[in-house]
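Inspection log for the structure reproduced underneath, given as structure tokens.
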Amino acid sequence: MRSLNVSRETIPHQPRIAIINQKGGVGKTTTAVNFAHGLALQGRKVLLFDLDPQGNATSSVGVEKYTTNPSSHEFLLAKDDPPPPTPTAYENIDIYPANISLIGAELELSRLGEEQMTSALRKNLKKFNHTHEFILFDAPPSLGLLTLNILVASSHVLVPVQCEYLALEGLSMLLETLDQLRDGHNQELKLLGCVLTMADLRTNLTQEVIRDMRQNLGPSVLETLIPRTIRLSESPSHGKTIFDYERWGVGARAYEALTREVLRRLADEVVKGNTRR
Ligand SMILES: Nc1ncnc2c1ncn2[C@@H]1O[C@H](COP(=O)(O)OP(=O)(O)O)[C@@H](O)[C@H]1O
Ligand SMILES: [Mg+2]
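Under the numbering used here, residues 45 to 321 are what the sequence shown spells out, in order.
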């Protein structure tokens, strides 16, 4: 893979990136897994948290969902030191897997006090001594307690938006939630951007969605478009990322571009932060 011309020092320390959208089927897991591998191929050490009880991110990187290894459920509810993550077959990617038991974790969270209910993940991350440069959270399709825990624990948010009818619907609610978090539990939370997924540039619908998104959200919309391609939908059933499944196809190229764009945005943040000081 081509190098990114973004030096290691210019990236904020250990960004914790939430991949969020309360709608299902918009490309969150596909983005989490392939962005993770994009970073890993740049030599960046990535810790991926699968926080969706469907466990799709887990199986998409070839890890068994029903393993005896520590899951994100156990990490979330660990009373003492959190257990270690599971290495994947991919160099530089470790994961906390998920399966249906995570629904139980959400219930247990709901029985905690108001403050702890949303800060369990953040609290355990603080206790956790790790060397990963990036933490990525694959979120479930809701704005429930698991997602709130992710948002309280994150430094950045990446929002996949599917190029479909009513793509913008629900986004304002999500952006309001981010504002509320910034006013309360997590002042450092930043929107990295929205990434348009499943784009088919031959259709009017995709063109309209791109125009509407850019009109309404301006620079919050990433330049990178993730095309709709059958390869991206096939690779999870082989337990492979797109870089492993079809290294030189349009899907891998798009996720490589996304990786590069996000790294650039993170680097810009550091530059702007320095000039403000
Ligand atoms: N760019 C794409 N092209 C084709 N299919 C895609 C693309 N992105 C995701 N998919 C497929 O669409 C479905 C939903 O994607 P997924 O990433 O699981 O969404 P979410 O995690 O938001 O529910 C999956 O079957 C996935 O393989
Ligand atoms: Mg998913």
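By construction, the Cβ of each residue, glycine as well, lies at the ideal position given by its N, Cα and C atoms.
Please read these numbers as outputs of a predicted model, since none were measured by experiment.
Residue closest to residue i, alpha-carbon to alpha-carbon, out of the options
i, options, result
"residue 133", "284, 310 and 206", "284"
"residue 57", "88, 212, 105 and 155", "88"
"residue 67", "191, 308, 289 and 176", "191"
"residue 150", "175, 193 and 109", "193"
"residue 81", "220, 226 and 180", "180"
"residue 75", "114, 196 and 270", "270"
"residue 314", "72, 300, 221 and 234", "234"
"residue 184", "94, 286 and 281", "94"
"residue 293", "198, 222, 280 and 274", "274"
"residue 202", "247, 126 and 305", "305"
"residue 145", "241, 161, 156 and 118", "118"
"residue 195", "84, 166, 86 and 298", "166"
"residue 307", "64, 280, 65 and 79", "79"
"residue 83", "103, 59, 99 and 124", "59"
"residue 209", "225, 253, 219 and 290", "253"
"residue 182", "231, 143 and 268", "143"
"residue 123", "97, 156 and 55", "156"
"residue 178", "288, 215 and 63", "63"
"residue 131", "160, 200, 115 and 288", "115"
"residue 278", "54, 103, 247 and 222", "103"
Three-state secondary structure assigned by DSSP to residue i
i, result
"residue 204", "strand"
"residue 70", "coil"
"residue 159", "helix"
"residue 56", "coil"
"residue 224", "helix"
"residue 172", "coil"
"residue 114", "coil"
"residue 107", "coil"
"residue 167", "helix"
"residue 320", "Interpretation of residue 320 is limited by its pLDDT of 45, a score under 50 that renders its predicted location unreliable; the figure taken from the coordinates is listed afterwards. Residue 320 falls in the helix class under three-state DSSP."
"residue 186", "coil"
"residue 209", "coil"
"residue 246", "coil"
"residue 144", "coil"
"residue 291", "coil"
"residue 230", "coil"
Sheet register partners of residue i (DSSP bridge)
i, result
"residue 237", "202"
"residue 130", "139"
"residue 181", "62 and 93"
"residue 269", "240"
Heavy atom of ligand 3 within 8 Å of residue i beta-carbon
i, result
"residue 70", "Annotation note on ligand 3: not contained in the displayed structure, which lists ligand 1 and ligand 2 as its ligands."
Nearest-angstrom Cβ-Cβ length linking residue i and residue j, presumed shorter than 8 Å
i, j, result
"residue 92", "residue 101", "6 Å"
"residue 77", "residue 105", "6 Å"
"residue 240", "residue 205", "6 Å"
"residue 138", "residue 176", "7 Å"
"residue 186", "residue 229", "Between residue 229 and residue 186 the Cβ distance is about 18 Å, and since that is not below 8 Å, they are no contact."
CB contact below 9 Å: residue i versus chain B
i, result
"residue 177", "Here there is only one protein chain, and chain B is not present."
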